[in-house]
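Undergrad:
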Amino acid sequence: GESVGLHLPTLSVQEGDNSIINCAYSNSASDYFIWYKQESGKGPQFIIDIRSNMDKRQGQRVTVLLNKTVKHLSLQIAATQPGDSAVYFCAEGGGVGGTSYGKLTFGQGTILTVHP
Amino acid sequence: NAGVTQTPKFQVLKTGQSMTLQCAQDMNHNSMYWYRQDPGMGLRLIYYSASEGTTDKGEVPNGYNVSRLNKREFSLRLESAAPSQTSVYFCASSGVYGYTFGSGTRLTVV
Numbered sequence: 164g165e166s167v168g169l170h171l172p173t174l175s176v177q178e179g180d181n182s183i184i185n186c187a188y189s190n191s192a193s194d195y196f197i198w199y200k201q202e203s204g205k206g207p208q209f210i211i212d213i214r215s216n217m218d219k220r221q222g223q224r225v226t227v228l229l230n231k232t233v234k235h236l237s238l239q240i241a242a243t244q245p246g247d248s249a250v251y252f253c254a255e256g257g258g259v260g261g262t263s264y265g266k267l268t269f270g271q272g273t274i275l276t277v278h279p
Numbered sequence: 260n261a262g263v264t265q266t267p268k269f270q271v272l273k274t275g276q277s278m279t280l281q282c283a284q285d286m287n288h289n290s291m292y293w294y295r296q297d298p299g300m301g302l303r304l305i306y307y308s309a310s311e312g313t314t315d316k317g318e319v320p321n322g323y324n325v326s327r328l329n330k331r332e333f334s335l336r337l338e339s340a341a342p343s344q345t346s347v348y349f350c351a352s353s354g355v356y357g358y359t360f361g362s363g364t365r366l367t368v369v
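Which chain is which? The protein sequence lines are A and B, in order.
Sequential numbering from 164 applies to the first sequence in the numbering used here.
Sequential numbering from 260 applies to the second sequence in the numbering used here.
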């Protein structure tokens, strides 16, 4: 299992800066990776995902990079806004039947704080 | 709005009491999951149901049971609650195009 602790990594940025949140995953056989945003008192909210056959995927203001060689995943948020302040989790998983999402293994999470 | 609905949102139990957490999804997803989240940690999988009629253990199944009642509903039962089960519980469902979480049940066992 993953090592976990009570002290999450933190990232503080100024409004308008770009943010990069990193994640090391454990299973080289994972089919896909997902980034989630979690605000206080709420469930995880899907941000973006990437399949293992890709190394980059872009969404609106977000980019996910996958480096399978070193089992590293990153989330880049452009022009970070105060509303982006939250805990960000990466998750890895394998498909059910090869096409659907399946059970996920979550990373520890990173607290992003955006200062106005 | 389409999504995953969990009940109750909050619950306090005494040690040894039992309860069932309810979850329903209206996205016609085949797979459903129960996760728990402890302070400062990511979510950990308790049980999952890849399709109607099947259930399997996840990473932390001890002390829990589940029932996939039909395609829409997946319940989590604590037969004899323990303080170590104090946590926030999230239900989720997934299909080909998405993976959606409910808003969580905050459970405290005293």
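We put the beta carbon where it would ideally sit given N, CA and C, even for glycine.
(1) Using the Cβ count rule (16 or more neighbours within 10 Å means buried), how would you classify A:GLU255?
(2) Return the CA-CA distance between B:LYS273 and A:ILE213, expressed in angstroms with no decimal places.
(3) Could you tell me the distance, in whole angstroms, from the CA atom of B:MET278 to the CA atom of B:TYR294?
(4) For B:GLU318 and A:THR268, I'd like the C-alpha separation in whole angstroms.
(5) Using a Cβ-Cβ cut-off of 8 Å, state whether A:GLY261 counts as contacting chain B.
(6) Give the single residue among B:GLN296, B:ALA309, B:ILE305 whose Cα lies nearest to the Cα of A:PRO207.
(7) Going by beta carbon distance, what residues of the same chain come within less than 6 Å of B:SER353, once the five residues before and after it are set aside?
(8) Have a look at A:GLN271, A:PRO279, A:PHE196 and flag the residue whose alpha-carbon is nearest the alpha-carbon of B:GLY301.
(9) How many angstroms separate the CA atom of A:SER203 from the CA atom of A:ALA249?
(10) Please list the residues of the stretch 279-300 of chain B that have a C-beta atom closer than 9 Å to any C-beta atom in chain A, keeping them in chain order.
(11) Verify the CB distance criterion: does B:SER362 have a CB-CB separation below 8 Å to chain E?
(12) Would you call B:LYS268 buried or exposed, if buried means 16 or more other Cβ atoms sit within 10 Å of its Cβ?
(13) Could you list which residues in chain B have their beta carbon closer than 7 Å to that of A:LEU171, in chain order?
(14) Does the beta-carbon distance from A:LEU174 to A:LEU238 come in below 8 Å?
(15) Consider the Cβ of A:GLN271: report whether some Cβ of chain B lies at a distance smaller than 8 Å.
TA: The short version:
(1) The residue labelled residue 255 of chain A in the question sits at position 92 within the first sequence. Buried, by the Cβ-count rule.
(2) Against the second sequence, residue 273 of chain B aligns to sequence position 14. Against the first sequence, residue 213 of chain A aligns to sequence position 50. For B:LYS273 and A:ILE213, the distance between alpha carbons rounds to 43 Å.
(3) Counted from its first residue, the second sequence places residue 278 of chain B at position 19. Counted from its first residue, the second sequence places residue 294 of chain B at position 35. Cα to Cα, the separation comes out at about 16 Å.
(4) Here residue 318 of chain B refers to the residue found at position 59 when the second sequence is read from its first residue. Here residue 268 of chain A refers to the residue found at position 105 when the first sequence is read from its first residue. Distance between the alpha carbons of B:GLU318 and A:THR268 is about 9 Å.
(5) Position 98 of the first sequence, counted from the first residue, corresponds to residue 261 of chain A. Note that A:GLY261 has pLDDT 46, beneath the 50 cutoff, so the model's placement of it is unreliable and the number below is only indicative. For A:GLY261, the answer is no, since every Cβ of chain B falls outside 8 Å of its Cβ.
(6) The residue labelled residue 207 of chain A in the question sits at position 44 within the first sequence. Ranking B:GLN296, B:ALA309, B:ILE305 by Cα distance to A:PRO207 puts B:GLN296 first.
(7) Taking the second sequence and counting its residues from 1, one reaches residue 353 of chain B at position 94. The answer, listed in chain order, is HIS288, SER290.
(8) The residue labelled residue 301 of chain B in the question sits at position 42 within the second sequence. It is A:GLN271.
(9) Residue 203 of chain A sits at position 40 when you count from the first residue of the first sequence. Residue 249 of chain A sits at position 86 when you count from the first residue of the first sequence. Distance between the alpha carbons of A:SER203 and A:ALA249 is about 7 Å.
(10) For the stretch 279-300 of chain B, the residues whose beta carbon sits under 9 Å from a beta carbon of chain A are, in order, HIS288, ASN289, SER290, TYR292, TYR294, GLN296, ASP297, PRO298, GLY299, MET300.
(11) Of the protein chains in the structure, A and B, none is chain E.
(12) For the purposes of this step, residue 268 of chain B is taken as residue 9 along the second sequence, with counting starting at 1. Exposed, by the Cβ-count rule.
(13) Here residue 171 of chain A corresponds to residue number 8 of the first sequence, with the count starting at 1. What A:LEU171 touches in chain B: GLY299.
(14) In the first sequence, counting from the first residue as 1, residue 174 of chain A sits at position 11. In the first sequence, counting from the first residue as 1, residue 238 of chain A sits at position 75. No, the Cβ-Cβ distance between A:LEU174 and A:LEU238 is not below 8 Å.
(15) As a first step, residue 271 of chain A must be located in the first sequence, where it is residue number 108. So, interface residue.
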